[in-house]
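A.B. asks:
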Amino acid sequence: MKRATGLLFGLAAVLSGCGVFTEPGEGSRLADARKLWDEQGSQHYTYQVRSDCFCGMAGRWIEVTVHGGAVIAARDLDGTHVILPTELASLPTVLDLFARIQHAVLERAVLLEVQYDPLDGHPTRINVDVSRAVADEEYLLRSRELNHTPSVSLRGNR
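As structure tokens, then:
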């Protein structure tokens, strides 16, 4: 009997190492944060974002300007990389950050840790590992210094 109990505990320990580390309530936390973001209604803001992953622009803080829900400008805060207009599409808006979290929830990522800003709900930290079986697909996204800006015409004075 002791041997069977020991085997059960051993099996439980092994299986727990293969479990999903996504919090069970992450979907509802996401919905609450998204609602808070939607309520403040801003599609015009600047913020800083950093991706730590096996991807382009990794490891750099980038200041992103969003107007009308689209990235219109960006600059590398340490000045080591000039961000080309063709690279703007690869930079996330806040809605893109929410979409990444939603994707990780739906895919049942083995690791999903998210922190949200308590004032407006935008994600400030997203740590994802989709699969233990796949190397180099995990990523950490961080955001800071989000400032809502008023809607301003981009056409200039005529």
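Residue 1422 is where the sequence shown starts when you use the working numbering, and the numbers rise one by one after that.
Positions of the beta carbon are idealized from the N, C-alpha and C atoms, including for glycine.
Everything numeric in this text was worked out from a predicted model, so none of it was measured.
#1: Using only CA atoms, which one of Gly1446, Gly1462, Arg1455, Gly1448 lies nearest to proline 1571?
#2: Hey, would you say the C-beta of aspartate 1497 is under 8 Å away from at least one heavy atom of the ligand PLP?
#3: Within 10 Å of its beta-carbon, does serine 1472 have 16 or more other beta-carbons around it, so buried, or fewer, so exposed?
#4: Run through DSSP, which three-state label would glutamate 1447 get?
#5: Below 8 Å CB to CB, which residues in the same chain sit around leucine 1509 once its five sequence neighbours on both sides are set aside?
#6: What does a CB cutoff of less than 7 Å around isoleucine 1522 pick up in its chain, not counting 5 residues either side in sequence?
#7: Quick one: using the 10 Å Cβ neighbour count with 16 as the cut-off for buried, is glycine 1490 buried or exposed?
#8: With DSSP collapsed to three states, give me the class of glutamine 1364.
#9: Can you check DSSP and say which residues form a bridge with arginine 1471?
#10: In the DSSP assignment, find the unbroken alpha helix (DSSP H) run with isoleucine 1522 in it and report its ends.
#11: Between threonine 1514 and valine 1487, which are expected to be in contact by the criterion C-beta below 8 Å, what is the C-beta distance as a whole number of angstroms?
C.D. replies: A quick look at the data gives this:
#1: Per the C-alpha coordinates, the member of Gly1446, Gly1462, Arg1455, Gly1448 positioned closest to proline 1571 is Gly1462.
#2: No copy of the ligand PLP appears in this structure; indeed no ligand is present at all.
#3: Residue environment: serine 1472 is assigned as buried (16 or more neighbouring CB atoms within 10 Å of its CB, all protein chains considered).
#4: In this structure, DSSP gives glutamate 1447 a helical state, which the three-state scheme calls helix.
#5: Cβ within range, chain order: Val1492, Ile1493, Ala1494, Ala1495.
#6: Closer than 7 Å at the Cβ level, and outside the excluded window around isoleucine 1522, lie Leu1451, Val1535, Pro1544, Ile1547.
#7: Exposed.
#8: Since the first and last residues shown for the chain are 1422 and 1579, residue 1364 lies out of range.
#9: Looking at the DSSP output, arginine 1471 sits in a beta bridge with Trp1482, Arg1563.
#10: It spans 1515 to 1527 - the alpha helix (DSSP H) in which isoleucine 1522 sits, taken as one unbroken run.
#11: For a cut-off of 8 Å, the C-beta gap from threonine 1514 to valine 1487 is around 5 Å, short enough to register as a contact.
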